[in-house]
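In this note's numbering, the protein residues as written are 8 to 180.
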């Protein structure tokens with residue numbers, strides 16, 4: 008009888024172990040390297056990335072990199088100068104996206120993708136007007152974004168370049 012009781016005890020512990028075991032969800036890593044005025048990026052965000060992320064956000068780790076096909080140099084006075092594929096307005100838009108990413112990426116990714124989607128859907132052709140419209144969607148104060156853009160925004164945007172550069176070297180671009 009001793010062996011039978013031990014066997015029952017052991018099997019109940021095994022069953023207990025399996026029922027108490029919890030699964031840890033491993034999130035798929037998705038990174039979007041984009042530009043604020045790129046029509047292709049806008050289409051991808053609006054029609055693919057945004058709806059999928061909103062539905063499956065528990066399974067996706069989303070990294071938004073608003074640098075795209077841009078160049079930057081640090082001037083002798085310590086300020087940054089950016090050259091963007093779609094001109095200066097795009098660099099300005101990228102600064103706003105970089106600040107929003109800085110403020111929201113870690114803590115509120117759904118708010119951030121809402122902001123990106125709103126910016127991709129905006130049609131005023133004025134970055135600042137679009138930001139004023141889209142900031143409340145993301146739960147971010149427009150003035151806070153504006154302050155970031157005028158202060159540490161260029162430094163934040165410049166930090167995205169190594170991400171873009173490593174991607175380009177990966178594909179020999």
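For every residue, glycine included, the Cβ atom is placed at its ideal position computed from N, Cα and C.
Where residue i falls, given that 16 or more other Cβ within 10 Å makes a residue buried
| i | result |
| --- | --- |
| residue 176 | Because the pLDDT of residue 176 is 49, which lies under 50, any placement of that residue in the model is unreliable, and the number read from its coordinates should be weighed accordingly. By the 10 Å Cβ count, residue 176 comes out exposed. |
| residue 77 | buried |
| residue 54 | exposed |
| residue 191 | This structure cannot settle anything about residue 191, because the visible part of the chain is limited to 8 through 180. |
| residue 47 | exposed |
| residue 41 | buried |
| residue 161 | buried |
| residue 63 | exposed |
| residue 32 | exposed |
Opposing strand residues paired with residue i [DSSP bridges]
| i | result |
| --- | --- |
| residue 81 | 87 |
| residue 36 | 68 |
Host beta strand (DSSP E) of residue i (start-end)
| i | result |
| --- | --- |
| residue 67 | 67-72 |
Residue range of the unbroken alpha helix (DSSP H) whose run includes residue i
| i | result |
| --- | --- |
| residue 134 | 134-145 |
| residue 113 | Note, residue 113: premise wrong, no alpha helix (DSSP H); not H, not E. |
| residue 60 | 57-63 |
| residue 165 | 160-165 |
| residue 151 | 149-157 |
| residue 45 | From DSSP, residue 45 is part of no alpha helix (DSSP H); its letter is neither H nor E. |
Does the stretch 131-143 come close enough to the stretch 66-85 that 3 or more CB-CB pairs lie under 8 Å? no
Check whether the stretch 77-87 and the stretch 126-134 touch, using three or more Cβ-Cβ pairs below 8 Å as the test. no
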